[in-house]
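Residue numbers (our numbering), protein chains in the order written: chain A, 47 to 208; chain B, 47 to 208. Idealized CB from N, CA, C, for every residue including glycine.
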DNA sequence: GCTTTCTTACTCGGATACCTACTGTCCGAGTGGAATAGG
DNA sequence: CCTATTCCACTCGGACAGTAGGTATCCGAGTAAGAAAGC
């Protein structure tokens with residue numbers, strides 16, 4: 047089981063956008079340069095965040111992305127769901143009904159099997175923990191020096207062409 | 047993010063083996079037939095459970111697998127870790143150090159970034175929930191009729207050739 | 001009838017192809033900004 | 001000097017290949033059971 051790398055990118059970009067709030071939209075090119083990531087692929091992931099309503103995109107010259115909501119109202123769960131999707135990692139394929147369980151009465155399968163329930167319970171705990179943490183919490187736990195340096199870097203790298 | 051299908055197979059097989067405890071080892075062929083799964087691939091996964099010390103394998107004629115420990119001492123986490131591996135789903139690649147963060151003093155990177163910490167915390171909750179549930183708990187939540195029918199099926203399907 | 005030997009069929013175990021999904025890249029549509037020409 | 005227009009460069013957005021990891025399969029080594037032969 048492996049989470050898409052785009053989740054890390056999306057989270058870091060959201061934090062960066064929070065630090066740069068009030069300075070206008072930030073383009074994919076600058077964000078990609080900030081983390082040395084492939085620009086086109088990062089853009090693909092940022093689009094997913096836009097579709098999820100986490101970011102808002104501005105087209106045209108000097109366009110880019112910005113946070114659609116204040117960081118306090120963006121949970122890590124929102125970002126993960128936007129990029130990874132909302133499906134559970136564990137997917138019950140109901141193999142209990144195959145073979146030895148084929149002749150069981152349908153009534154017995156009204157309730158999901160205990161394995162599915164247990165796995166879902168664990169994933170629910172995971173989701174709950176992600177939903178409890180917001181971008182604002184992450185930012186609060188980050189030294190101000192990091193935010194300051196990031197802001198300085200983006201201010202100095204204002205040249206569009208790179 | 048998608049969990050390997052083998053986790054579901056492994057869990058169901060472990061529960062089945064618990065129900066068949068005391069009736070000698072169960073071969074891959076019979077377990078595969080019980081769930082209509084590809085035999086060779088299921089065997090590959092069962093081998094992983096053996097390596098993890100969850101199952102014990104008996105070679106030779108009338109050989110097969112059995113639980114290495116009582117179900118009370120086998121957590122869902124054990125099975126998941128045996129098949130999926132122990133690595134975290136979220137893997138921090140330290141992109142904060144790239145680009146805009148390249149010139150930061152190394153001292154600032156002594157602590158992991160807040161994003162990594164937050165994601166790890168969520169996965170820890172997931173692991174904790176999985177570790178808290180044992181095979182015995184799953185079995186306790188399953189109707190006895192299911193276990194009985196499974197035992198009957200394996201008793202009637204005793205012919206090795208199928 | 002009992003013991004020993006041999007055969008045999010079944011088992012596990014690892015090495016080998018296939019296929020989906022994530023990763024990475026490219027090009028086109030659309031838009032805001034800036035330069036420019038006119039009033 | 002101010003305004004309307006035109007052009008343009010930059011942006012997002014979706015469509016197109018490459019690659020890693022999971023899925024599926026096959027074949028060989030090893031072992032216990034069972035049959036057969038000898039005592």
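Asked: Identity of the residue in A:51, A:69, A:142 and A:83 nearest residue 155 of chain A by Cα; Found: A:142
Asked: Neighbour list for residue 145 of chain B in chain A, Cβ cutoff strictly below 7 Å; Found: 79, 80, 81 and 82
Asked: Contact list for residue 103 of chain B against chain A, beta-carbon separation under 8 Å; Found: Simply none; closest approach about 21 Å.
Asked: Interface flag, residue 63 of chain A vs chain B, CB-CB below 9 Å; Found: no
Asked: Coil, strand or helix - residue 169 of chain B by DSSP; Found: helix
Asked: Sequence-distant residues of its chain with Cβ nearer than 7 Å to residue 83 of chain A (five each side left out); Found: 55
Asked: Contacts around residue 57 of chain A, its chain only, beta-carbon distance under 6 Å, and the 5 residues preceding and following it disregarded; Found: 125
Asked: Inter-stretch contact at 8 Å, needing at least 3 Cβ pairs: the stretch 93-103 of chain A / the stretch 128-144 of chain B; Found: no
Asked: Residue 196 of chain A, enclosing alpha helix (DSSP H) - first and last residue; Found: 190-202
Asked: Integer-rounded CB distance, given that residue 101 of chain B should sit under 8 Å from residue 92 of chain B; Found: 6 Å
Asked: Helix, strand or coil at residue 136 of chain A according to DSSP, with G and I counted as helix; Found: coil
Asked: Partners in chain A for residue 136 of chain B, counting only beta-carbon separations shorter than 8 Å; Found: 49, 53 and 54
Asked: Contacts that residue 69 of chain A makes with chain B (C-beta to C-beta distance below 9 Å); Found: None at all; the shortest Cβ gap to chain B is about 14 Å.
Asked: Neighbourhood of residue 147 of chain A by C-beta, 6 Å cutoff - its chain only, sequence neighbours within 5 removed; Found: none
Asked: 4-residue-minimum alpha helix (DSSP H) runs that sit fully inside the stretch 61-102 of chain A, ordered along the chain; Found: 74-81 and 85-97
Asked: Nearest-angstrom Cα separation, counted from residue 173 of chain B out to residue 202 of chain A; Found: 43 Å
Asked: Test item: CB-CB of residue 110 of chain A and residue 73 of chain A under 9 Å; Found: yes
Asked: Cα-Cα separation, residue 198 of chain A to residue 85 of chain A; Found: 21 Å
Asked: Cβ neighbour criterion (16 or more within 10 Å) applied to residue 70 of chain B; Found: exposed
Asked: Contacts of residue 189 of chain B in chain A (Cβ-Cβ under 8 Å); Found: 154
Asked: Any C-beta of chain A under 9 Å from that of residue 160 of chain B; Found: yes
Asked: Within-9 Å CB hit, residue 195 of chain A to chain B; Found: yes
Asked: Contacting residues, own chain, Cβ-Cβ under 8 Å from residue 207 of chain A (five flanking each side not counted); Found: Note that residue 207 of chain A has pLDDT 42, beneath the 50 cutoff, so the model's placement of it is unreliable and the number below is only indicative. Counting only Cβ-Cβ distances below 8 Å, and skipping sequence neighbours, we find nothing.
Asked: Chain A contact residues for residue 107 of chain B, given Cβ-Cβ distances below 7 Å; Found: Those within 7 Å of residue 107 of chain B in chain A number zero; the least Cβ separation is about 23 Å.
Asked: Burial state of residue 116 of chain B (16 or more Cβ within 10 Å); Found: exposed
Asked: Residue interval of the beta strand (DSSP E) (run including residue 110 of chain B); Found: 110-113
Asked: Residue 183 of chain A beta carbon less than 9 Å from that of residue 145 of chain B; Found: no
Asked: Residue(s) in a DSSP beta bridge with residue 180 of chain B; Found: B:121
Asked: Residue(s) in a DSSP beta bridge with residue 104 of chain B; Found: B:110
Asked: Coarse secondary structure for residue 207 of chain B, derived from DSSP in three states; Found: At residue 207 of chain B the pLDDT is 42, less than 50, meaning the model places this residue with poor confidence; the figure from the coordinates comes in the next sentence. Here residue 207 of chain B sits in coil by DSSP.
Asked: Beta carbon proximity, residue 206 of chain A to chain B, threshold 9 Å; Found: A caution first: residue 206 of chain A carries a pLDDT of 49, below 50, which makes its placement in the model unreliable, though a value can still be read off. Not an interface residue.
Asked: Proximity below 9 Å, CB of residue 104 of chain B to CB of residue 80 of chain B; Found: no
Asked: Rounded C-alpha distance that separates residue 175 of chain B from residue 187 of chain A; Found: 26 Å
Asked: Straight-line gap, residue 185 of chain B to residue 121 of chain A (C-alpha atoms, nearest Å); Found: 36 Å
Asked: C-alpha gap between residue 52 of chain B and residue 77 of chain B, whole angstroms; Found: 13 Å
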